[in-house]
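Structure, as structure tokens:
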Amino acid sequence: MEASKDISRLIEIMAALRTPVTGCPWDLEQNFSTIKPYTIEEAYEVADAIERNDMDDLCEELGDLLLQVVFHARMAEEAGEFSFGDVVQAITKKMIRRHPHVFAVSDAATPDAVKLQWDDIKTEEKRARAERRARRGITEDFKLGYLGSVHRAQPALTEALKLQQRAAKVGFDWSAAEPILDKIEEEIGELREALRDGRQDKVSDELGDLIFALVNIGRHVRADPEEALRGTNTKFRRRFNYIETSLQQSNETLEAATLERMEELWQAAKAIERKLD
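Numbers in the numbering used here are just positions in the sequence shown, counted from 1, shifted up by 3.
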């Protein structure tokens, strides 16, 4: 098996990896749910490469993301649902259908006319989608209703924020920030109770409620939760890097260091930050 610029080679490689007995044990035990986190991670890595304007990384990360599409398509083909060719056909069909002013006959000659045409096409697509879902017996549809405009295909923190903003427009909201702090304390209590009971499903549920409440307080104090958490992540990286560097200078390792030793260095890193501030 050799590398190639032809997409068919990548499809062949994935088929080989998923072939029972001779394939890769790790790839063979995967399913849509277990691969989903990797798909999301690869999309974020593409975005990161773009933000850093690193074209070398972008080329590699786009390849990793493409592999995810091939992986999902292969599993779907094994289940008798669809193949990679069906995925390609579906998106090419959609792009041609949505751009009649380019690929067919249309009188949409201005941006506004194209927008109206696009809306009409999407309305027809939604009708066709509803019919397909009905045939499959799928009844729940989060794209319907007042909150339907808030897409699920985005980071959970962002989705929570937009759901709250949307609900607030019709008055379903806290009147001030203080009651939300009480709600946060309530959710912490319920999380403690779930931990005592040892029910993992309940722990996950209560943790989600707590995070949702934290997003709410962020919205009320005008602190974007995604940006706030990203800032904390950066701070954690910086402080932990200080721990690692300090240990190396003392001929110590992270693996051998005690928690007390690392906490000592963590506090030292915080003290340095305070001085810089």
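Where is the CB? At the ideal position from N, CA and C, for every residue including glycine.
Cβ-based neighbour list, Trp177, same chain, cut-off 6 Å, excluding 5 preceding and 5 following:
Locating residue 177 in the sequence shown gives position 174, counting from the first residue. Closer than 6 Å at Cβ, skipping near neighbours: Ile183.
Reduced DSSP category for Ile141 - H, G, I as helix; E, B as strand; rest coil
To locate residue 141, count along the sequence shown from 1; it is residue 138. Looking at Ile141 - three-state DSSP - the assignment turns out to be coil, as it is neither helix nor strand.
Per-residue DSSP class, three states only, for Gln157
Taking the first residue of the sequence shown as 1, we reach residue 157 at position 154. Reduced to three states, the DSSP call for Gln157 is coil.
In or out: Asn56 buried (at least 16 other Cβ within 10 Å) or exposed?
Taking the first residue of the sequence shown as position 1, residue 56 is located at position 53. Classification of Asn56: exposed, given that the 10 Å Cβ count is below 16.
Contact the segment 257-266 vs the segment 196-203: 3+ CB pairs below 8 Å
no
Residue from Leu147, Lys129 and Ile220 whose Cα sits closest to the Cα of Gln167
As a position in the sequence shown, residue 167 is number 164, starting the count at 1. For Gln167, the nearest C-alpha among the options comes from Ile220.
Output needed for Glu209: all residues of its chain with C-beta closer than 6 Å, excluding positions within five of it in sequence on either side, in chain order.
In the sequence shown, residue 209 corresponds to position 206, counting from 1. These residues qualify, in order along the chain: Glu193, Leu194 and Ala197.
Could you tell me the alpha carbon to alpha carbon distance between Ser86 and Gln157, rounded to whole angstroms?
The residue labelled residue 86 in the question sits at position 83 within the sequence shown. The residue labelled residue 157 in the question sits at position 154 within the sequence shown. Taking the straight line from one Cα to the other gives about 25 Å.
Determine, using beta carbons only, whether Leu164 and Arg222 come nearer to each other than 8 Å.
As a first step, residue 164 is located in the sequence shown; it is residue number 161 there, counting from the start. As a first step, residue 222 is located in the sequence shown; it is residue number 219 there, counting from the start. Contact flag set, yes.
By Cβ distance below 8 Å, which residues in the same chain neighbour Glu162 in space, the five residues on each side in sequence not counted?
Reading the sequence shown from its first residue, position 159 is the one you call residue 162. These residues qualify, in order along the chain: Val153, His154 and Arg155.
Tell me whether Arg21 sits in a helix, a strand or coil according to DSSP, three-state version.
Against the sequence shown, residue 21 aligns to sequence position 18. Coil, per DSSP.
Quick one: complete alpha helix (DSSP H) runs, 4+ long, within the segment 162-242?
181-200 and 203-223
Between which two residues does the alpha helix (DSSP H) holding Glu276 run?
As a position in the sequence shown, residue 276 is number 273, starting the count at 1. Unbroken alpha helix (DSSP H) run through Glu276: Leu262 to Leu279.
Is it right to say Arg77 is buried, meaning 16 or more other beta carbons lie within 10 angstroms of its own, or is it exposed?
Along the sequence shown, one-based indexing puts residue 77 at 74. Buried: at least 16 other Cβ atoms inside 10 Å.
Please state whether DSSP places Thr256 in a helix, a strand or coil.
Your numbering for residue 256 matches position 253 in the sequence shown. It is coil, neither helix nor strand.
Secondary structure, alpha helix (DSSP H): runs of 4+ residues fully inside the segment 13-89:
28-31, 35-54 and 58-81
Chain-order list of residues whose beta-carbon lies under 7 Å from that of Gly26 (same chain, five-residue window excluded)
Here the question's residue 26 lines up with position 23 in the sequence shown. Taken in chain order, the residues that qualify are Ala19 and Leu20.
How many angstroms separate the CA atom of Arg225 from the CA atom of Asn254?
Mapped onto the sequence shown, residue 225 falls at position 222. Mapped onto the sequence shown, residue 254 falls at position 251. Going by the C-alpha atoms only, they are around 45 Å apart.
Could you check which residue in Ala179, Ala216 and Phe175 has the C-alpha nearest to that of Ile191?
The residue given as residue 191 occupies position 188 in the sequence shown. For Ile191, the nearest C-alpha among the options comes from Ala216.
Give the C-beta separation of Lys273 and Arg241 to the nearest angstrom, bearing in mind that I take them to be a contact with Cβ-Cβ under 8 Å.
The sequence position of residue 273 within the sequence shown is 270, counting from 1. The sequence position of residue 241 within the sequence shown is 238, counting from 1. At roughly 10 Å, the Cβ-Cβ gap does not stay under 8 Å, so Lys273 and Arg241 are not in contact.
For Ala1, the three-state DSSP class (helix, strand or coil)
Lying before the first or after the last residue shown, residue 1 is absent from the chain, which here runs from 4 to 280.
Would Val91 pass as a contact of Leu13 if the rule is Cβ separation under 8 Å?
Residue numbering aside, residue 91 sits at position 88 when the sequence shown is read from its first letter. Residue numbering aside, residue 13 sits at position 10 when the sequence shown is read from its first letter. It is not a contact, given that the beta carbons lie outside the stated cut-off.
Could you tell me if Ile99 is buried or exposed, where buried requires 16 or more neighbouring beta carbons within 10 angstroms of its beta carbon?
By 1-based counting over the sequence shown, the position of residue 99 is 96. It counts as exposed.
In angstroms, rounded to a whole number, what distance separates the CA positions of Glu267 and Pro228?
Along the sequence shown, read from residue 1 onward, the residue named residue 267 stands at position 264. Along the sequence shown, read from residue 1 onward, the residue named residue 228 stands at position 225. Their Cα atoms are separated by approximately 29 Å.
Glu247 - DSSP class collapsed to helix/strand/coil:
Position 244 of the sequence shown holds residue 247. Residue state, collapsed to three classes: helix.
In whole angstroms, give me the CA-to-CA distance for Ile38 and Ala180.
As a first step, residue 38 is located in the sequence shown; it is residue number 35 there, counting from the start. As a first step, residue 180 is located in the sequence shown; it is residue number 177 there, counting from the start. Roughly 39 Å separates the two Cα atoms.
By the DSSP assignment, the alpha helix (DSSP H) with His104 in it spans what residues?
Along the sequence shown, one-based indexing puts residue 104 at 101. It spans Pro103 to Phe106 - the alpha helix (DSSP H) in which His104 sits, taken as one unbroken run.
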